[in-house]
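Q: Read top to bottom, the protein sequences are chains A and B.
Everything in the first sequence is counted per full-length UniProt numbering, starting at 1 for the first residue and increasing by one.
Everything in the second sequence is counted per full-length UniProt numbering, starting at 1 for the first residue and increasing by one.
For every residue, glycine included, the Cβ atom is placed at its ideal position computed from N, Cα and C.
These numbers come from a predicted model, not from an experiment.
Quick one: the structure is below, and I'll ask about it shortly.
Protein chains: 2
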Amino acid sequence: MPQATDQAQTQHHLRALNDAVDSGALQSIRHMLKSLTDADIAHLIESSPPKQRSVLWRLLDNRREGSVLQELGEELQANFLKNKDTDELIALTDGLEPDDAADILQQLPDRVIREVLLAMDAQDRQRVEKILPYHEDTAGGLMNTDNITTRPDLSLDVVLRYLRRHDELPDIIDTIFVVNRKDKFLGLLPISKLLSSDPSMTVREVMTTDIEPILAHTSDTDVASLFERNDWVSSPVVNDEGQLLGRITIDDVVDVIREDADHSLLSMAGLDEEADTFATVRATAPRRALWLGVNLLAALFSANVIGLFEATIEKVVALAVLMPIVASMGGVAGNQTLTIIIRGMALGQIGNSNTSWLFTRELGVAVINGLIWACCAAIIAVLWFNDTTIGMIIAGAMVINLMIAAAAGVLIPVALKAMKIDPALAGSMALTTITDAVGFFTFLGLATLFL
Amino acid sequence: MPQATDQAQTQHHLRALNDAVDSGALQSIRHMLKSLTDADIAHLIESSPPKQRSVLWRLLDNRREGSVLQELGEELQANFLKNKDTDELIALTDGLEPDDAADILQQLPDRVIREVLLAMDAQDRQRVEKILPYHEDTAGGLMNTDNITTRPDLSLDVVLRYLRRHDELPDIIDTIFVVNRKDKFLGLLPISKLLSSDPSMTVREVMTTDIEPILAHTSDTDVASLFERNDWVSSPVVNDEGQLLGRITIDDVVDVIREDADHSLLSMAGLDEEADTFATVRATAPRRALWLGVNLLAALFSANVIGLFEATIEKVVALAVLMPIVASMGGVAGNQTLTIIIRGMALGQIGNSNTSWLFTRELGVAVINGLIWACCAAIIAVLWFNDTTIGMIIAGAMVINLMIAAAAGVLIPVALKAMKIDPALAGSMALTTITDAVGFFTFLGLATLFL
């Protein structure tokens, strides 16, 4: 009964898919898809190379396309949607939750959006139109309109009977929202209280009023940290006038948390846009090319620094052998500082009130570790080249470079953030450029002075 | 009414704290702490340098210490716990949820655990003892025992009356678990169905049985991906015999998702253990030192490769100027491949059924981007040093290094994973060592052959 590990299962399905694609026996795959949930199919599609992926789409029951699509990442959604005509899009959005339908519609041209909306029934259209104006990266874009509301003056018994009149209630129903006649949000009636209180009490007597609703234009990252901090399962969303617009549920917030965390990791390697692990060469190469081009410029800059000291290197070739060590140590140390700062920023821990303490701490760490490894490097250099001065030079350059690296590791992300540039994206390239250039300059510069 | 952005608020509190620490006017801080939630205080503590942090602990109401503590990261918990005597620990765990109390106890010596358990009332002790044997990184360690259970043969009306007899129900109550007389898990009774169905129906008629409970020894990462995939709010946990042990709720899963995502980012910079952004110099320096030492060894290895070609460099100093470019381009390209693979592994997308496709794709990307930027680098080198052969050499070395980098970016994490070594931790260092060494070797080797 209990499941095998998730990953083993995916790989098992993928192997079956590979075999079926090779042998042409696709009937078994159709069968397999029937037994999987929408989310499992979406995961299988995201884990498949293009050929297998197109087979999966072809074999998938048309009626499940919409619900599988909304489990996929944006990039895959866009790839899939671009080949669909309006009728297919209408069929696809039919039966989706309003926030998911809106997410799909927002990727389409205005003309198509209008046609799809016209084909919906009045209630669905109204719900989707309520969400459509909000960018998908805001609370308004995350919200759904499946919330259940009540008035403060009703008794709990009436609320219970009202709920019983529903054929089906939303899967996630942890609170009912209390509003006045003008739809202004007044408070929450938690289901746990509804179930455990005396049914003759009124909503007003039981409701919680100390929770602040989320404003529709709050960023999705802020929404995520509110949910994380307060252990919410759902939360009301209001407009600037305090009127209830809808609600956000934790399942959509979990996706935001995952995406935000992914973003830092991918950005630090210059892969900001790389959502699809199995994108084709044609899609991948151009995206990565730019970053490599920027790095070529950065590397040329460092090469120029070395070029300043050609005469010195010509005299003592050992310098060419040792100089990458100084640059590399600075790069690694600086990258550690940078990563800590970027993560602290993502967690909302770092601002101008505590940056200077971090700056001092990082410098302290750099001095200690710089001295330790500079001594080691110096001893090795002296033994290798039998020259004490070279040992002193590499040690001095390394301590200086590690200190500059620590300072840059704190200041670069702070400066980038102040300039509204994503520190995760631009930070590591900027840092390495500095640690390379400073590493080469101090090492070769000291050598020019003392050799 | 609606809140300022989360981050602005934290920084506001931190500035107030700094001012108070400087002026000694601590009463206002005591006041501020009263108005904040446990989670907000925990976030403030995590965002504070050591001096401010100790003031916060001192001013915090004793009765809130336990609940604030359980919102903190492990490292901060351990720091705080190590100065507490047994009586203080007993006071601290009093009133905590069993899984949180167990998390704290697991960090203490066995003798202290026994004493704290003895001081608890019988029911609490029984609950905590049920969780204590499970490692905190498993479903058993994540679970809580606040689940509500029912029998299949009862009517919904009886269940509703049973719920009403509770003074307080858990905050998150989305499903009731259905068990038989031997506590074997039979199915779920979603609250949404309990509220919308005819009260005269039996639990058996309404319950869902197609959900598989989580086994207690499932890893927390697998638990997280099950919750993410299935949009669960809570899930039952069973032992190997299918007996219900407790439940996991989404709020604890969100923490796992955040930690797992953080782990990849930190590990790639060799910061696996760096949970506390504001750790002291004394705590930080030794942790980072090891990684720098490993990098020094790696850099010495690359330096050795350069050393093989001292004679060539002596003849043509331009080589020393250009060689870091080849190494750097390989490092950046390889790191992009590595990051994609590590993220794909963390998402459970990559296994032996699709690795070879990724390998081919990455090689394809490397050839295309390698050729583009090799041409640019060649032209620049020719113009700079007025030597066509050097241009051809740098272009050839760069294409080779980018291809090796792509291959290494796929193979290193796959090999590390097979050896049960964390790819995120060891991958980037191993990769850079290869791209540096190969970059220097091909560039200087080709130069030795052709110059």
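Enumerate in chain order the residues of its own chain whose CB-to-CB distance from A/Phe350 is below 6 Å, with the five nearest sequence positions on each side excluded.
A: Translated into the one-based positions of the first sequence, residue 350 of chain A becomes position 350. First, the residue type needs correcting, since residue 350 of chain A is Ile and not Phe in the sequence shown. Counting only Cβ-Cβ distances below 6 Å, and skipping sequence neighbours, we find Gly344.
Q: Nearest chain B C-beta to A/Trp357 closer than 9 Å, yes or no?
A: Along the first sequence, one-based indexing puts residue 357 of chain A at 357. Interface residue, yes.
Q: A/Ala333 touches chain B at which residues, Cβ-Cβ below 7 Å?
A: Against the first sequence, residue 333 of chain A aligns to sequence position 333. Under the 7 Å cutoff, chain B gives Leu292.
Q: Based on the DSSP output, what are the partners of A/Val178 in its beta bridges?
A: Taking the first residue of the first sequence as 1, we reach residue 178 of chain A at position 178. Answer is A/Thr150, A/Gly187, bridged to A/Val178.
Q: Which runs of the alpha helix (DSSP H) spanning at least 4 residues fall entirely within the region 279 to 330 of chain B, listed in chain order?
A: List check, alpha helix (DSSP H) in window: 281 to 307, 310 to 315.
Q: Where do the N-terminal and C-terminal ends of the beta strand (DSSP E) with B/Gly246 fall, by residue?
A: For the purposes of this step, residue 246 of chain B is taken as residue 246 along the second sequence, with counting starting at 1. Where B/Gly246 is concerned, the enclosing beta strand (DSSP E) stretches over 244 to 249.
Q: Quick one: does A/Pro423 have its CB under 9 Å from some CB of chain B?
A: Walking along the first sequence from the start, residue 423 of chain A turns up at place 423. Closer than 9 Å: no.
Q: Taking Cβ-Cβ distances below 8 Å as the criterion, which residues of the region 58 to 82 of chain B are in contact with chain A?
A: Within the region 58 to 82 of chain B, no residue qualifies.
Q: Please work out which residues of its chain come closer than 6 Å, Cβ to Cβ, to B/Arg79, disregarding the five sequence neighbours upstream and downstream, and give them in chain order.
A: Numbered from 1 along the second sequence, position 79 holds the residue referred to as residue 79 of chain B. Checking the displayed sequence, the identity of residue 79 of chain B turns out to be Asn instead of Arg. Excluding sequence neighbours, B/Asn79 sits near nothing in its chain.
Q: Where B/Asp272 and B/Leu266 are concerned, what is the direct C-alpha to C-alpha distance, given to the nearest angstrom?
A: Along the second sequence, one-based indexing puts residue 272 of chain B at 272. Along the second sequence, one-based indexing puts residue 266 of chain B at 266. One C-alpha to the other measures close to 6 Å.
Q: Taking the CB atoms as reference points, tell me whether B/Leu322 and A/Ile325 lie closer together than 9 Å.
A: As a position in the second sequence, residue 322 of chain B is number 322, starting the count at 1. As a position in the first sequence, residue 325 of chain A is number 325, starting the count at 1. No, the Cβ-Cβ distance between B/Leu322 and A/Ile325 is not below 9 Å.
Q: Are the CB atoms of A/Met429 and A/Val294 nearer to each other than 9 Å?
A: Within the first sequence, the letter at position 429 stands for residue 429 of chain A. Within the first sequence, the letter at position 294 stands for residue 294 of chain A. The answer is yes: Cβ separation under 9 Å.
Q: Check A/Leu215 in the structure and name its three-state DSSP category.
A: Here residue 215 of chain A corresponds to residue number 215 of the first sequence, with the count starting at 1. Three-state result, A/Leu215: strand.
Q: Which residues share a DSSP beta bridge with A/Ser234?
A: Start at 1 with the first residue of the first sequence, and residue 234 of chain A comes out as number 234. Answer by DSSP bridge pairing, in chain order: A/Thr249.
Q: For a test of the three-state rule: what should DSSP assign to A/Ser192, helix, strand or coil?
A: Taking the first sequence and counting its residues from 1, one reaches residue 192 of chain A at position 192. Of the three classes helix, strand and coil, the one that applies to A/Ser192 here is helix, per DSSP.
Q: Closer than 9 Å, CB to CB, is A/Gly95 near chain B or not?
A: To locate residue 95 of chain A, count along the first sequence from 1; it is residue 95. Closer than 9 Å: no.
Q: For B/Ser155, write down the residues that DSSP places opposite it in a beta bridge.
A: Position 155 of the second sequence, counting from 1, holds the residue named residue 155 of chain B. According to DSSP, which records beta bridges pairwise, B/Ser155 is partnered with B/Thr202.
Q: Just verifying my parser: in three-state terms, what is the DSSP assignment at B/Asn354?
A: Counting from 1 along the second sequence, the entry for residue 354 of chain B is found at position 354. Three-state result, B/Asn354: coil.
Q: Just to make sure I have the definition right: I need the residues of chain B whose C-beta is within less than 9 Å of the C-beta of A/Arg361. Which are they?
A: To locate residue 361 of chain A, count along the first sequence from 1; it is residue 361. The contacting residues are Pro49, Phe278, Ala279, Thr280, Val281, Thr284.
Q: Curious, which full-length alpha helix (DSSP H) runs of at least 4 residues does the region 60 to 134 of chain A contain?
A: Whole alpha helix (DSSP H) segments, 4+ residues: 65 to 69, 74 to 81, 86 to 93, 98 to 105, 110 to 119, 122 to 131.
Q: Is it a yes or a no for the region 219 to 226 of chain A touching the region 332 to 341 of chain A, going by three-plus beta-carbon pairs under 8 Å?
A: In short, these stretches do not touch, since the Cβ pair count stays below three.
Q: Could you tell me the distance, in whole angstroms, from the CA atom of A/Ile379 to the CA atom of A/Gly391?
A: Walking along the first sequence from the start, residue 379 of chain A turns up at place 379. Walking along the first sequence from the start, residue 391 of chain A turns up at place 391. Distance between the alpha carbons of A/Ile379 and A/Gly391: 6 Å.
Q: Taking a Cβ distance cut-off of 7 Å, strictly less, list which residues of the region 8 to 27 of chain A are near chain B, in chain order.
A: Answer in chain order: Thr10, Gln11, Leu14, Arg15, Asn18.
Q: Residues in the same chain with beta-carbon distance under 6 Å from A/Arg127, minus the five sequence neighbours each way, listed in chain order, please.
A: By one-based count along the first sequence, residue 127 of chain A stands at place 127. Excluding positions up to five away in sequence, the list reads Pro98, Thr145.
Q: Check A/Met1 in the structure and name its three-state DSSP category.
A: Residue mapping note: residue 1 of chain A aligns to position 1 of the first sequence, counting from 1. At A/Met1, the pLDDT of 32 sits below 50, so the modelled position is not reliable; the number obtained from the coordinates is stated separately. Looking at A/Met1 - three-state DSSP - the assignment turns out to be coil, as it is neither helix nor strand.
Q: For the structure I just gave you, are there three or more beta carbon pairs, one from the region 401 to 409 of chain A and one from the region 360 to 371 of chain A, closer than 8 Å?
A: Result yes; three or more Cβ-Cβ pairs closer than 8 Å.
Q: Thinking C-alpha only, which one of B/Gly396, B/Ala426, B/Gly439, B/Thr433 is nearest B/Phe450?
A: Here residue 450 of chain B is taken as the residue at index 450 of the second sequence, counted from 1. That would be B/Gly396, whose Cα lies nearest to the Cα of B/Phe450.
Q: Taking the alpha helix (DSSP H) that A/Glu46 falls in, what are its first and last residues?
A: Here residue 46 of chain A is taken as the residue at index 46 of the first sequence, counted from 1. Note, A/Glu46: alpha helix (DSSP H), 38 to 46.
Q: May I ask you to report which of helix, strand or coil DSSP gives A/Asn144?
A: Position 144 of the first sequence holds residue 144 of chain A. Strand, per DSSP.
Q: Less than 9 Å between the C-beta atoms of A/Phe177 and A/Gln243, yes or no?
A: One-based indexing of the first sequence puts residue 177 of chain A at position 177. One-based indexing of the first sequence puts residue 243 of chain A at position 243. For A/Phe177 and A/Gln243, no; Cβs fall outside 9 Å.
Q: Under a Cβ-count criterion, where at least 16 other Cβ atoms within 10 Å of its own Cβ denotes burial, should A/Gln7 be classed as buried or exposed?
A: Numbered from its first residue, the first sequence carries residue 7 of chain A at position 7. Answer is buried; the Cβ neighbour count reaches 16.
Q: Taking the alpha helix (DSSP H) that A/Met429 falls in, what are its first and last residues?
A: Numbered from its first residue, the first sequence carries residue 429 of chain A at position 429. It spans 423 to 450 - the alpha helix (DSSP H) in which A/Met429 sits, taken as one unbroken run.
Q: Use the C-beta contact count for B/Asn369: other C-beta atoms within 10 angstroms, 16 or more gives buried, fewer gives exposed.
A: Position 369 of the second sequence, counting from 1, holds the residue named residue 369 of chain B. Buried is the call here.
Q: Could you list the residues in the region 397 to 410 of chain B with a C-beta less than 7 Å from some C-beta on chain A, going in chain order?
A: Residues passing the 7 Å Cβ filter: none.
Q: Between B/Glu259, B/Thr432, B/Asn147, which lies nearest to B/Ala224 when the distance is taken from Cα to Cα?
A: On the second sequence, position 224 is the one that residue 224 of chain B refers to. Out of B/Glu259, B/Thr432, B/Asn147, B/Glu259 has the C-alpha closest to the C-alpha of B/Ala224.
Q: Can you give the Cα-Cα distance for B/Met1 and B/Gln9, rounded to whole angstroms?
A: Residue 1 of chain B sits at position 1 when you count from the first residue of the second sequence. Residue 9 of chain B sits at position 9 when you count from the first residue of the second sequence. Because B/Met1 sits at a pLDDT of 32, beneath the cut-off of 50, its placement in the model cannot be relied upon, and the following sentence gives the value as read from the coordinates. Looking at the two C-alpha atoms, the distance is approximately 14 Å.
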